Amino acid sequence: MTGESVGAACFDILVVGGGMVGSALALGLSRQGWNTGLVEGARVQDLLAPGATASHTDDFEPRVSAISLASEQLLDRLGAWRHVQAGRHCGYRGMTVWDADGTGRIHFDAAELHADTLGTIVENRSIVRALFTELADSNVTVIDGVRVQGWSAGAGIQLDDGRTQSAKLVVGADGAQSRLRQWSGLATREWDYDQQAIVCTVRTRQPHQYTAWQRFSPTGPLAFLPLLTESGDEHYCSIVWSQDTAEARRLMALETEQFRLELERAIEQQLGVIESVSRRFAFPLRQRHAKEYVADGLALVGDAAHTIHPLAGQGANLGYGDVTALLDELGRARELALSPADQTVLARYQRRRKGENLAMMAAMEGFKQLFARDELAIRWLRNTGMRWLDNLAPLKNRIAAEAMGIKR
Numbered sequence: 001m002t003g004e005s006v007g008a009a010c011f012d013i014l015v016v017g018g019g020m021v022g023s024a025l026a027l028g029l030s031r032q033g034w035n036t037g038l039v040e041g042a043r044v045q046d047l048l049a050p051g052a053t054a055s056h057t058d059d060f061e062p063r064v065s066a067i068s069l070a071s072e073q074l075l076d077r078l079g080a081w082r083h084v085q086a087g088r089h090c091g092y093r094g095m096t097v098w099d100a101d102g103t104g105r106i107h108f109d110a111a112e113l114h115a116d117t118l119g120t121i122v123e124n125r126s127i128v129r130a131l132f133t134e135l136a137d138s139n140v141t142v143i144d145g146v147r148v149q150g151w152s153a154g155a156g157i158q159l160d161d162g163r164t165q166s167a168k169l170v171v172g173a174d175g176a177q178s179r180l181r182q183w184s185g186l187a188t189r190e191w192d193y194d195q196q197a198i199v200c201t202v203r204t205r206q207p208h209q210y211t212a213w214q215r216f217s218p219t220g221p222l223a224f225l226p227l228l229t230e231s232g233d234e235h236y237c238s239i240v241w242s243q244d245t246a247e248a249r250r251l252m253a254l255e256t257e258q259f260r261l262e263l264e265r266a267i268e269q270q271l272g273v274i275e276s277v278s279r280r281f282a283f284p285l286r287q288r289h290a291k292e293y294v295a296d297g298l299a300l301v302g303d304a305a306h307t308i309h310p311l312a313g314q315g316a317n318l319g320y321g322d323v324t325a326l327l328d329e330l331g332r333a334r335e336l337a338l339s340p341a342d343q344t345v346l347a348r349y350q351r352r353r354k355g356e357n358l359a360m361m362a363a364m365e366g367f368k369q370l371f372a373r374d375e376l377a378i379r380w381l382r383n384t385g386m387r388w389l390d391n392l393a394p395l396k397n398r399i400a401a402e403a404m405g406i407k408r
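Okay, so the sequence shown: first residue is 1 according to full-length UniProt numbering, each after it adds one.
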């Protein structure tokens with residue numbers, strides 16, 4: 001339910017940020033019986049507005065996520081996945097990864113894991129819409145169209161319309177530039193990649209074959225993520241092209257036709273001619289990790305706690321891992337009649353997530369550095385290793401299972 005008329009209120013838990021992660025957490029908390037509030041800057045009616053029917057590249061949302069099986073299961077438990085399935089989405093059955101500077105290539109196949117798909121490509125806005133559709137029938141008080149102006153432990157949340165909202169526990173799901181993290185004094189470790197990710201939608205002459213394509217080069221990875229229209233057209237892909245900042249700026253400055261030709265060469269025409277390209281967007285890449293995820297009366301989830309290079313498409317899935325862990329710990333707290341802000345509860349959440357997120361971030365950084373090296377010996381080892389891994393099914397499938405969130 002929306003809470004535009006809510007004055008000062010006290011919640012068990014108040015989630016700040018109604019994106020893919022925050023809205024999922026709020027929905028899960030309400031299902032556990034917590035008195036839950038959700039603060040979101042956008043208007044609910046705007047979040048619920050249907051998108052355009054896809055008949056052109058510009059009809060797709062520019063930002064998409066590769067949703068793992070584990071994240072899909074979470075969204076299904078929350079009742080939101082059925083809404084995702086009713087809209088545009090594309091389950092991908094294969095993933096091909098190759099080195100631009102050699103012959104190394106790996107192909108992952110869902111059939112080898114006895115699964116229908118490796119994951120699902122979904123427009124971010126579609127996931128948010130699905131979650132807010134469920135929130136409309138929940139007990140969550142949604143306070144929309146407002147911004148948080150301040151917070152301190154014990155003093156509550158100050159909104160830009162003059163209202164104050166208090167809660168036993170505040171959860172920061174307010175993104176990479178989290179103001180709650182800043183106000184709490186929680187420090188971060190971060191570094192700038194000096195790269196930008198270019199995102200857009202393309203139409204290709206050949207169908208994508210329900211496969212995600214990713215090419216690695218010394219200047220950064222290029223991913224083609226398969227999309228489907230409502231009518232089942234298999235010729236659309238969302239691209240994420242990470243490049244050094246100077247090169248990204250050059251690419252963004254190109255006329256559409258010039259960019260199309262460069263993109264076609266970069267993907268080595270794996271899907272034939274690129275027939276059309278949507279409007280392009282670029283955003284800077286920065287890795288960031290909070291040294292602590294919790295403070296007195298506060299917990300961080302998703303990008304507020306960590307951001308990661310998009311080369312493996314794990315950002316949303318790490319956020320949903322946070323949601324799953326925090327729901328587990330707060331569900332246990334409710335069964336034991338503990339406060340949601342109990343420090344032992346929050347410490348367990350941090351222990352569960354901090355190590356796992358750091359391990360993924362370290363692995364992605366190592367992977368990025370490996371492909372950034374251009375020495376002949378490194379290229380030979382890299383390509384030999386990729387060919388070896390492609391032929392070693394047990395290890396290859398274990399890596400795929402981990403990415404899918406399958407515990408073996």
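All C-beta atoms, glycine included, are put in the ideal place defined by N, C-alpha and C. All figures in this text were calculated on a predicted structure; none of them were measured in a lab.
Take L228, set aside five residues on each side of it, and the residues of its chain with a beta-carbon closer than 8 angstroms to its own are R88, H89, C90, E234 and Y236, in chain order. Every beta strand (DSSP E) of 3 residues or more that sits fully in the region 144-227 is shown, in chain order, as 148-152, 156-159, 164-172, 188-204, 211-217 and 220-227.
Within its own chain, the residues whose Cβ lies closer than 6 angstroms to the Cβ of S276, once the five positions on either side in sequence are excluded, are T57 and R203, listed in chain order. A residue is called buried when at least 16 other Cβ atoms come within 10 angstroms of its Cβ; A173 meets this threshold and is buried. Proximity to L318 across L300, V15, P62 and L180 peaks at L300, based on C-alpha coordinates. The DSSP-derived three-state label of I308 is coil. Comparing alpha-carbon positions, the option among A403, L47 and G28 lying closest to Q314 turns out to be A403. Listed in chain order, the beta strand (DSSP E) runs fully inside the region 246-296 are 274-277 and 281-290, counting runs of at least 3 residues. The region 19-29 and the region 71-87 touch, with no fewer than 3 CB-CB distances between them shorter than 8 angstroms.
In the DSSP assignment, T36 falls outside any alpha helix (DSSP H) and within the unbroken beta strand (DSSP E) covering T36 to E40. The beta carbons of G405 and A70 sit closer together than 8 angstroms.
Boundaries for L118: no alpha helix (DSSP H) harbours it, and the DSSP string shows neither H nor E there. When the Cα atoms are used, W388 and L29 turn out to be separated by approximately 45 angstroms. By the beta-carbon neighbour count (other beta carbons within 10 angstroms, threshold 16), R215 is buried.
DSSP links Q45 through a beta bridge to no other residue. Taking 8 angstroms as the upper bound for CB-CB distance, L169 and I67 are not in contact here, some 27 angstroms apart.
Shown here, Q343 sits in a helix according to DSSP, grouped into three states. Inter-segment contact for the region 284-294 and the region 182-195 is present: three or more beta-carbon pairs are separated by less than 8 angstroms. By the C-beta density criterion, F283 is exposed, having fewer than 16 other C-beta atoms within 10 angstroms. The closest CA to that of T36, considering only F11, P50, A54 and T53, is found on F11. With 16 or more other CB atoms across the displayed protein chains lying within 10 angstroms of its CB, H208 is buried.
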